[in-house]
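In the UniProt record's numbering, the protein residues as written are 1 to 273.
In what follows, a structure is listed as structure tokens, so that the remarks can point back to it.
Below, the structure written as structure tokens:
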């Protein structure tokens, strides 16, 4: 006899009338088993929500029972409306274990953002568009920033101060403008110790990527490790990595960093003298 039943699924049908869809799971069979269901967008799941990652969640709570998400630690926000004070308040109360937020949209009314709501447990944040400064002020313990936008952040003095003090881990994904990063590193990322760099491998530009890596190793003065991933992963990933590392023909790299290969990535570890 089935004693526990936890479901988390993404539906392919589009569009979906969530309320009508859920009606089919409110008959006697489901009630007898005490199984309840919830939805948002195309995602369908049992309640209480058993999983710790919530995908493509929005600030439209009409079909979301706010009391069911206390286990969520990681949240992907896909918003079609503006943020507001009540939304932030609900998010903090209903997801007390939240430590990671991925923003896929960052629209906001700045007047509404002038509040003292903070997410003290959130240490990691990911953006697929430019970072909005009001978000950074809501995350007092932010340490790990993941950038997957087409452009890197537009930084003012206040945001630069936040980066200098807080960010220790920096991930730069394939769509970021890596050309811009080394130029701002020594001013805005002085506390960064760990970097993960995701590069799209192309034989025509791998030397250019190698130059980026050399600059990062040079400009990030407090850097302890740099992990370089070549995307996409292929059967010849090790050969590609070897060729890439050979292109790093710089004495400063060899003198200051130990390089090791681990299948699909290379790890540069600073040599402690």
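Ideal placement from N, C-alpha and C gives every residue a C-beta, glycine not left out.
Checklist entry - Run through DSSP, which three-state label would residue 271 get? => result When secondary structure is reduced to three states using DSSP, residue 271 falls in the coil class, being assigned neither helix nor strand.
Checklist entry - Given that a residue counts as buried once 16 or more other Cβ atoms are within 10 Å of its Cβ, and exposed if not, what is residue 216? => result Buried, because 16 or more other Cβ atoms sit within 10 Å of the Cβ of residue 216.
Checklist entry - In the structure shown, what three-state DSSP assignment does residue 171 receive? => result In this structure, DSSP gives residue 171 an extended state, which the three-state scheme calls strand.
Checklist entry - At what residues does the beta strand (DSSP E) containing residue 75 begin and finish? => result Looking at the DSSP string, the run of the beta strand (DSSP E) that includes residue 75 is 74-77.
Checklist entry - Which residues share a DSSP beta bridge with residue 9? => result Beta-bridge pairing links residue 9 to 44.
Checklist entry - Quick one, are the C-beta atoms of residue 248 and residue 214 less than 8 Å apart? => result For the pair residue 248 and residue 214, the CB atoms are nearer than the 8 Å cut-off.
Checklist entry - By the 10 Å Cβ neighbour count, where 16 or more other Cβ atoms means buried, how is residue 210 classified, buried or exposed? => result Buried is the call here.
Checklist entry - By how many angstroms is the C-alpha of residue 271 removed from the C-alpha of residue 172? => result Each residue's alpha carbon lies about 23 Å from the other.
Checklist entry - When you compare only the Cα positions, how much space is there between residue 126 and residue 269? => result Their backbone Cα atoms lie some 24 Å apart in a straight line.
Next on the checklist: For the pair the stretch 87-106 and the stretch 30-50, tell me if three or more CB-CB distances fall below 8 Å.
Outcome noted: Flag = no, the stretch 87-106 and the stretch 30-50 do not touch.
Checklist entry - What did DSSP end up calling residue 144 once you bin it into helix, strand or coil? => result In this structure, residue 144 counts as strand in the three-state DSSP scheme.
Checklist entry - Does DSSP put residue 63 in a helix, a strand or coil? => result Confidence is the limiting factor: at residue 63 the pLDDT is only 48, short of 50, which leaves the residue's position unreliable, though a coordinate-based value still follows. It is coil, neither helix nor strand.
Checklist entry - What three-state label does DSSP hand residue 213 in the structure shown? => result Under the three-state reduction of DSSP, residue 213 is assigned to helix.
Checklist entry - When burial is assigned at 16 or more other CB atoms within 10 Å of the CB, is residue 231 buried or exposed? => result That one is exposed.
Item to check | Integer Cβ distance of residue 29 from residue 37, believed to fall under 8 Å | outcome: Not a contact, Cβ separation roughly 12 Å.
Checklist entry - I think residue 57 touches residue 75, with their Cβ atoms under 8 Å apart; what is that distance to the nearest whole Å? => result Cβ atoms of residue 57 and residue 75 come within 8 Å of each other, at about 6 Å.
Checklist entry - Hey, how far is the Cα of residue 140 from the Cα of residue 120? => result The alpha-carbon atoms of residue 140 and residue 120 are separated by roughly 6 Å.
Next on the checklist: Tell me the rounded alpha-carbon separation between residue 34 and residue 27.
Outcome noted: Taking the straight line joining both Cα atoms gives about 11 Å.
Checklist entry - Among residues of its own chain, excluding the 5 on either side of residue 63, which ones have a beta-carbon nearer than 8 Å to its beta-carbon? => result The pLDDT assigned to residue 63 is 48, lower than 50, so where the model puts this residue is not dependable, and the model offers no usable value.
Checklist entry - Who pairs with residue 38 in a beta bridge, going by DSSP? => result Answer is 45, bridged to residue 38.
Item to check | Sheet register partners of residue 97 (DSSP bridge) | outcome: Bridge partners of residue 97 according to DSSP: none are assigned.
Next on the checklist: Helix, strand or coil for residue 259? Go by DSSP, reduced to three states.
Outcome noted: Here residue 259 sits in strand by DSSP.
Next on the checklist: Let me check one thing: in DSSP terms, what residues is residue 227 bridge-paired to?
Outcome noted: Beta-bridge pairing links residue 227 to 196 and 267.
Next on the checklist: Starting from residue 19, trace the alpha helix (DSSP H) in both directions and tell me its first and last residue.
Outcome noted: Element bounds for residue 19: 18-23.
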